[in-house]
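>
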Amino acid sequence: MQSFTGVGVSPGRIVGSVRQMPKAVSEPPAGEKLASSTTAEDAAVTLRAAAKAVQAELKQRSVSATGAGKSVLEATALMAADPMLIKGAVKLINTGASAERAIWDSAASVAEMLHNLGGYMAERSTDVLDVRSRIVAELRGVPAPGIPAADEPFILVADDLAPADTATLNPALVLALVTSGGGPQSHTAIIARALGLPAVVAAAGVEDIADGTSVFVDGAAGSISVDPDADQVAAAEAWATTAATLSVFSGEGSTADGHLVPLLANVGGAADAVKAAAAGAQGVGLLRTEFCFLDRDEEPTLDEQVTAYKGVFDAFPGKKVVVRTLDAGADKPLPFLTDASEPNPALGVRGYRTDFTSPGVLTRQLAAIATAAEGTEADVWVMAPMISTAEEAADFAAMCREAGLKTPGVMVEVPSAALTSETILGSVDFASLGTNDLTQYAMAADRQLGPLAALNTPWQPAVLRLIQLTVAGSVAEGNNKPVGVCGEAAADPALAVVLVGLGVNTLSMTARALSAVAAVLATVPLAEAQRLAAVALAAPSATEARDRVRAELPVLEEMGL
Ligand code: PEP
Ligand code: MG
Numbered sequence: 009m010q011s012f013t014g015v016g017v018s019p020g021r022i023v024g025s026v027r028q029m030p031k032a033v034s035e036p037p038a039g040e041k042l043a044s045s046t047t048a049e050d051a052a053v054t055l056r057a058a059a060k061a062v063q064a065e066l067k068q069r070s071v072s073a074t075g076a077g078k079s080v081l082e083a084t085a086l087m088a089a090d091p092m093l094i095k096g097a098v099k100l101i102n103t104g105a106s107a108e109r110a111i112w113d114s115a116a117s118v119a120e121m122l123h124n125l126g127g128y129m130a131e132r133s134t135d136v137l138d139v140r141s142r143i144v145a146e147l148r149g150v151p152a153p154g155i156p157a158a159d160e161p162f163i164l165v166a167d168d169l170a171p172a173d174t175a176t177l178n179p180a181l182v183l184a185l186v187t188s189g190g191g192p193q194s195h196t197a198i199i200a201r202a203l204g205l206p207a208v209v210a211a212a213g214v215e216d217i218a219d220g221t222s223v224f225v226d227g228a229a230g231s232i233s234v235d236p237d238a239d240q241v242a243a244a245e246a247w248a249t250t251a252a253t254l255s256v257f258s259g260e261g262s263t264a265d266g267h268l269v270p271l272l273a274n275v276g277g278a279a280d281a282v283k284a285a286a287a288g289a290q291g292v293g294l295l296r297t298e299f300c301f302l303d304r305d306e307e308p309t310l311d312e313q314v315t316a317y318k319g320v321f322d323a324f325p326g327k328k329v330v331v332r333t334l335d336a337g338a339d340k341p342l343p344f345l346t347d348a349s350e351p352n353p354a355l356g357v358r359g360y361r362t363d364f365t366s367p368g369v370l371t372r373q374l375a376a377i378a379t380a381a382e383g384t385e386a387d388v389w390v391m392a393p394m395i396s397t398a399e400e401a402a403d404f405a406a407m408c409r410e411a412g413l414k415t416p417g418v419m420v421e422v423p424s425a426a427l428t429s430e431t432i433l434g435s436v437d438f439a440s441l442g443t444n445d446l447t448q449y450a451m452a453a454d455r456q457l458g459p460l461a462a463l464n465t466p467w468q469p470a471v472l473r474l475i476q477l478t479v480a481g482s483v484a485e486g487n488n489k490p491v492g493v494c495g496e497a498a499a500d501p502a503l504a505v506v507l508v509g510l511g512v513n514t515l516s517m518t519a520r521a522l523s524a525v526a527a528v529l530a531t532v533p534l535a536e537a538q539r540l541a542a543v544a545l546a547a548p549s550a551t552e553a554r555d556r557v558r559a560e561l562p563v564l565e566e567m568g569l
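By the working numbering, the letter at position 461 of the sequence shown is numbered 469, and the numbering carries on one by one without gaps.
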């Protein structure tokens, strides 16, 4: 039986048939001319027909889509028949350009024009470029880029997924995600956990599995097997039953002996927050505010920000909501804040550091958070991403207090912050460990790169020690400040036990993971969690740490986690 191994990033066992995500459409050669066998009139007719076909296909898909996916598809469908786009291309065909080259260049001009108009129009420029790829694919007779359209559920195999792919990913049709690239902290992993889909990343060779092949995916073990046997089919059936029982969270995180560990949700906006509240989240441990404004060319207005934040606060009356100020840069660029030409964006002006280059944006955001908080019953805490020094922490705390925000905190996701947490926590009220970036920076391994996935795991002894040091600084004399974890580590039930054993006070994760983490935590007394933390810390490698802890938590295997 042929099989592939990668890194399991979202549990679940499933059997299904493979659909490969089509490759990105390549640019037609510069200066490509009309073939001598074709007239300009014929090429124009072919181009118009291709554009119509693309529009019809997008319209049809938008009918069955919902939410953000529907809006994306509707906007793109409109753009496919845009008279300026098509007229521009026909003009170029009349000067001798091939249909593919003509639509390529015409779309580039339209996109640039929209971009220069700014605001809402600028945001449409990505739709034009998407439409362009679709029309070229239609002209070439190859599958359209993006998530494939299908009537039957399938297992999606791709290089990696971009944040924009989420909008058109229909969880009712996608059974599992498998990628050849990406790491445990990549967008594919985050998307999979948010949607509750089994997922394996960094699985080399899966790009060669033919469409329609039946495979068994084990999202905990990180394996993909072609032509599953009877045992694997039975394991997938058993998982379906477990998944149904795991959809319920009692709403109170605790160890077996009653040590309370509030389980909070990571959200990207009001819609997520409403779902998280319905799933029983005890509050929000991370509101990624940049997710409210991805693709924006201009800074959102005060009113826009107040509306976005208030939508989240209103979902959690009387509960804690931790707002993270804009973490623009690296894997989450915001055109109005970040410089796309930086040679090394992960080490560049990102997160809190954008206040050095774009002063005012953070102050206005804090004012918006304070205004939104005034009208709600949520207990609003605020934290800055990418804090590296105690001075930055103190400056941020002063800015928060100036804005009337009473509970300032920092993310600990840069090793320097973990190492100096005692001083940092002297000037703020809490810390939240961003283990995704903390791992990337401790291991000097880009969190998005598949080949570095083995380095990029929070089970690394170095990362566990940085977490231990952060907690030690938080309880040092005079401090006594709470420390949470809001990185993906909190959503791994085995690691969650270790984190609690290390002294972390709260865990924040995608709402989907709450019930599994709660179920496992509830089987372990605090002293046992502390012993397992020591086991993990003493292990010589990430794999050993994970294997040794998992071996002592048989409940994980029983539940298929
Ligand atoms: C982290 O780095 O762990 C984190 C929670 O922030 P993000 O994933 O948004 O960078
Ligand atoms: Mg981060």
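Ideal Cβ placement from N, Cα and C applies to all residues, glycine included.
Just tell me which of V33, T371 and E65 has its CA closest to the CA of R148.
It is V33 whose Cα lies nearest to the Cα of R148.
> Can you list, in chain order, the residues of its chain with a C-beta nearer than 6 Å to that of A392? Leave out the 5 residues immediately preceding and following it.
Taken in chain order, the residues that qualify are T333, Y360, F404 and V418.
> Taking 7 Å as the line, does the beta carbon of D445 fall inside it for any heavy atom of ligand 1?
Yes, the Cβ of D445 comes within 7 Å of a heavy atom of ligand 1.
> Go ahead and label P192 buried or exposed: buried means 16 or more other beta carbons lie within 10 angstroms of its beta carbon, across all protein chains shown.
Buried, because 16 or more other Cβ atoms sit within 10 Å of the Cβ of P192.
> Within a Cβ cutoff of 7 Å, which residues of the same chain sit near P533, ignoring the five residues on either side of it in sequence?
Answer for P533: T263, A264 and D265, listed in chain order.
> I need the straight-line Cα distance from T221 to F162, nearest angstrom please.
Going from the Cα of T221 to the Cα of F162 covers about 10 Å.
> Taking the alpha helix (DSSP H) that K95 belongs to, which residues open and close that run?
From DSSP, the alpha helix (DSSP H) with K95 extends over P91 to N102.
> Cα separation between V182 and S188?
C-alpha separation (whole angstroms): 17 Å.
> So, at 6 Å on beta carbons, what are the nonlocal neighbours of A336 in its own chain, with the 5 sequence-adjacent residues on each side left out?
So the qualifying residues of the chain are E298, L342, L345, T346 and T362.
> Using a threshold of 7 Å, is the CB atom of P353 nearer than that to any non-hydrogen atom of ligand 2?
No, Cβ of P353 sits at least 7 Å from all heavy atoms of ligand 2.
> Rounded to the nearest angstrom, how far is the Cβ of A119 from that of L137, given a contact under 8 Å?
About 6 Å separates the two Cβ atoms, so the contact holds.
> Report yes or no: do three or more beta-carbon pairs, one from the segment 458 to 465 and one from the segment 506 to 518, lie closer than 8 Å?
Counting Cβ pairs under 8 Å, fewer than three are found: no touch.
> Just to confirm, are G442 and V209 a CB contact at a threshold of 8 Å?
No, Cβ-Cβ distance for G442 and V209 is not below 8 Å.
> DSSP has M419 in a bridge; who is on the other side?
S440.
> Mapping the DSSP letters down to three states, classify K283 as helix, strand or coil.
In the structure shown, K283 sits in a helix (DSSP, three-state: H, G or I).
> Could you tell me which of A83, A85, P206 and A48 sits nearest to W24, measuring between CA atoms?
In the sequence under discussion, the amino acid at residue 24 is Gly, which differs from the Trp named in the question. Ranking A83, A85, P206 and A48 by Cα distance to G24 puts P206 first.
> Give a yes or no on whether the C-beta atoms belonging to L55 and A107 are separated by under 8 Å.
Going by C-beta atoms, L55 is nearer than 8 Å to A107.
> My output table needs one value for N274: the three-state DSSP class, helix, strand or coil.
Here N274 sits in strand by DSSP.
> Can you tell me whether DSSP reads I475 as helix, strand or coil?
Reduced to three states, the DSSP call for I475 is helix.
> Distance, Cα to Cα, V234 vs S44?
Their backbone Cα atoms lie some 47 Å apart in a straight line.
> Cβ of D335 within 7 Å of any heavy atom in ligand 1?
D335 Cβ: within cutoff of ligand 1.
> For A376 and Y317, which I take to be in contact (beta-carbon distance under 8 Å), what is that distance rounded to the nearest angstrom?
Indeed they touch by this definition, with Cβ atoms about 7 Å apart.
> Alpha carbon to alpha carbon, how far is R142 from G39?
If you take the alpha carbons of R142 and G39, they lie about 20 Å apart.
> Determine the direct distance from the alpha carbon of G190 to that of P351, and round the result to whole angstroms.
Looking at the two C-alpha atoms, the distance is approximately 21 Å.
> Hey, quick one: how far does the alpha helix (DSSP H) through L137 stretch, first residue to last?
It spans S133 to R148 - the alpha helix (DSSP H) in which L137 sits, taken as one unbroken run.
> Whole angstroms is fine: what's the gap from V15's alpha carbon to S516's?
So the two alpha carbons sit approximately 22 Å from each other.
> Give me, in chain order, the residues of the same chain whose beta-carbon lies closer than 7 Å to that of C408; leave out the 5 immediate sequence neighbours on both sides.
Excluding residues within five positions, the ones whose Cβ falls inside 7 Å are L374, V390 and P416.
> Whose C-alpha, out of G259, G96, I198 and Q313, is nearest the C-alpha of A527?
Minimum Cα distance to A527 is reached at G259.
> Which full runs of the alpha helix (DSSP H) of 4+ residues lie inside the segment 228 to 264, going along the chain?
Those alpha helix (DSSP H) runs which fall completely within the segment 228 to 264 and span 4+ residues are 238 to 253.
> Compute the minimum distance between the beta carbon of C494 and the heavy atoms of ligand 1, and state whether it is under 7 Å.
Yes, the beta carbon of C494 sits closer than 7 Å to at least one heavy atom of ligand 1.
> Helix, strand or coil for T187? Go by DSSP, reduced to three states.
Strand.
> Return the chain-ordered ranges of every beta strand (DSSP E) run that is complete within the segment 482 to 532 and spans a minimum of 3 residues.
491 to 493 and 514 to 517, all fully within the segment 482 to 532.
> What does W389 pair with, by DSSP beta-bridge criteria?
BP columns for W389 point to V330.
> Report all residues from its chain with a CB closer than 6 Å to the CB of I22; omit the five preceding and five following residues, and keep chain order.
So the list reads L183, A184, P206, V225 and A244, once near-sequence residues are dropped.
> Classify V53: buried if its beta carbon has 16 or more other beta carbons within 10 angstroms, exposed otherwise.
Exposed, by the Cβ-count rule.
> State the DSSP-derived secondary structure class of S164, mapped to helix, strand or coil.
Looking at the sequence shown, residue 164 is not Ser but Leu. Reduced to three states, the DSSP call for L164 is strand.
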